[in-house]
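Since the structure comes first, as structure tokens, the remarks are kept for the end.
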Ligand code: SDX
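In the numbering used here, the protein residues as written are 2 to 391.
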């Protein structure tokens with residue numbers, strides 16, 4: 002039992018910042034949010050409670066939770082003019098492009114609380130972002146399929162509301178959200194909520210260190226998350242499973258991985274050199290959801306075969322490559338009915354609370370503008386050569 006973590010000097014020299022929000026031990030496969038193991042939070046908590054924990058540092062009492070849920074619920078609507086932003090996008094634009102544009106533009110609306118030095122402005126912005134991001138994400142989907150936007154409802158919980166805004170249509174006045182899907186959605190949100198100084202969170206912190214407004218910082222995080230090496234991996238896993246097609250094609254695919262023609266998407270991690278603890282919970286959730294829905298998804302069987310082969314293949318074992326959070330998430334999202342194009346939007350939706358928690362933490366004490374240095378390997382100083390001499 003320790004009252005604080007200690008780090009070797011070599012590690013401390015490379016650390017980008019200090020933080021109290023999330024702790025990862027890549028060798029042990031440990032992930033703690035404010036000290037609580039991710040498996041316990043996924044199993045015993047819910048996403049808005051985890052949001053409260055990440056934002057405030059402690060789990061809420063029942064009164065605090067009730068107040069927080071009510072506050073978030075009352076901010077789920079977006080200014081009605083924001084609907085007009087969408088008209089500028091092609092209907093077949095990638096939803097992440099739309100999400101990035103719309104979130105960045107929110108500073109054009111909520112400019113009543115953009116003073117980053119004002120703690121009340123910072124706090125209401127955090128609530129607005131956690132509350133509105135599902136509404137905007139669902140609007141991105143509705144716009145892409147040509148259906149009318151569905152307004153949020155105050156009688157549904159966070160995950161139910163999101164699924165309602167995604168899949169209900171005005172004509173279906175009795176639309177009911179499937180509780181199994183809502184619980185799975187909430188679990189996926191929790192598993193994606195925060196993850197220390199990953200590429201997109203570091204992007205949010207770097208943008209925030211210049212004093213940029215929070216909506217611009219979150220839009221920067223969305224842009225960084227979009228890459229297939231990061232949040233775009235969940236979409237890439239489903240594409241990979243589609244391309245492999247069937248279990249008998251796995252050996253041929255694995256050879257292409259070993260010759261580095263392709264990567265095994267959903268495997269490997271910058272930090273985890275052991276199982277990503279989120280992947281374990283994701284796999285259990287995958288089994289639960291598919292069983293509850295009576296779905297026998299051949300892509301799950303294919304994914305399990307890929308995992309089994311990789312975990313016993315020296316190429317992957319020697320490189321400490323294990324499934325990460327993205328390996329099974331797509332199969333659950335597909336079972337919920339989320340289209341592949343929306344997988345990374347879901348990741349961005351869930352990670353918004355992590356991004357804004359780090360942004361708040363950075364602003365809660367004195368900070369300097371981020372300025373990574375480099376190892377210069379270019380030309381030594383030389384004199385200019387006039388054009389007629391080149
Ligand atoms: C996320 O940082 C975070 O916390 C991110 C995240 C979060 O919650 O924010 O956890 C979310 O981004 C998870 C990762 C999702 N990305 C993917 O699943 C894409 C596939 N994975 C890879 O692209 C890769 O594993 C990375 C980008 C995740 C990590 O890349 P690294 O740091 O280069 O991996 P490494 O140093 O461990 O690689 C060691 C070796 C290398 O080969 P050699 O040069 O030694 O021969 O393993 C190889 C790599 O080429 N390798 C892979 C591989 N990942 C690494 N080979 C095949 N398939 C892979 N997926």
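Note that beta-carbon positions come from the ideal geometry of N, C-alpha and C, so glycine has one too. The model shown is predicted, which means the values in this text are computed figures rather than measured ones.
Residue span of the beta strand (DSSP E) that contains residue i, given as start and end
| i | result |
| --- | --- |
| residue 327 | That residue, residue 327, is in no beta strand (DSSP E); its alpha helix (DSSP H) goes 327–337. |
Helix, strand or coil at residue i according to DSSP, with G and I counted as helix
| i | result |
| --- | --- |
| residue 379 | coil |
| residue 395 | In the structure as shown, the chain starts at 2 and stops at 391, and residue 395 therefore has no counterpart that could be examined. |
| residue 359 | helix |
| residue 62 | coil |
| residue 393 | Nothing in the structure corresponds to residue 393, since the chain is present only between 2 and 391. |
| residue 38 | strand |
| residue 324 | strand |
| residue 268 | strand |
| residue 384 | coil |
| residue 274 | coil |
| residue 45 | helix |
| residue 110 | coil |
| residue 183 | helix |
| residue 389 | helix |
| residue 372 | coil |
| residue 346 | helix |
| residue 115 | coil |
| residue 7 | coil |
| residue 78 | coil |
| residue 199 | coil |
| residue 2 | A caution first: residue 2 carries a pLDDT of 43, below 50, which makes its placement in the model too unreliable to give a value. |
| residue 99 | helix |
| residue 57 | helix |
| residue 92 | coil |
| residue 352 | helix |
| residue 154 | coil |
| residue 104 | helix |
| residue 19 | coil |
| residue 308 | helix |
| residue 50 | helix |
| residue 177 | coil |
| residue 205 | helix |
| residue 263 | coil |
CA nearest to the CA of residue i, picked from the options
| i | options | result |
| --- | --- | --- |
| residue 72 | 106, 133 and 115 | 133 |
| residue 160 | 178, 296 and 146 | 178 |
| residue 367 | 104, 211 and 343 | 211 |
| residue 43 | 279, 87 and 208 | 279 |
| residue 41 | 281, 323, 359 and 301 | 281 |
| residue 86 | 284, 100, 165 and 23 | 100 |
| residue 57 | 374, 139, 326 and 355 | 355 |
| residue 373 | 361, 262, 301 and 207 | 207 |
| residue 216 | 128, 183 and 184 | 128 |
| residue 345 | 359, 326 and 109 | 326 |
| residue 359 | 62, 199 and 63 | 199 |
| residue 370 | 203, 351 and 306 | 203 |
| residue 108 | 93, 80 and 98 | 80 |
| residue 241 | 263, 154 and 290 | 263 |
| residue 49 | 317, 191, 148 and 219 | 191 |
| residue 249 | 342, 234, 60 and 306 | 306 |
| residue 17 | 226, 378, 170 and 363 | 363 |
Run of the alpha helix (DSSP H) containing residue i, from where it starts to where it stops
| i | result |
| --- | --- |
| residue 288 | 278–294 |
| residue 24 | No alpha helix (DSSP H) holds residue 24; the beta strand (DSSP E) holding it covers 23–26. |
| residue 220 | 215–226 |
| residue 143 | 120–146 |
| residue 88 | 83–88 |
| residue 317 | 315–319 |
| residue 244 | 234–245 |
| residue 159 | 159–168 |
| residue 365 | Run containing residue 365: none; DSSP gives neither H nor E here. |
| residue 212 | Note, residue 212: premise wrong, no alpha helix (DSSP H); not H, not E. |
| residue 252 | 251–259 |
heavy atom of the ligand GTP below 8 Å from residue i C-beta
| i | result |
| --- | --- |
| residue 127 | Absence of the ligand GTP from the depicted structure is noted, with the ligand SDX being the only ligands included. |
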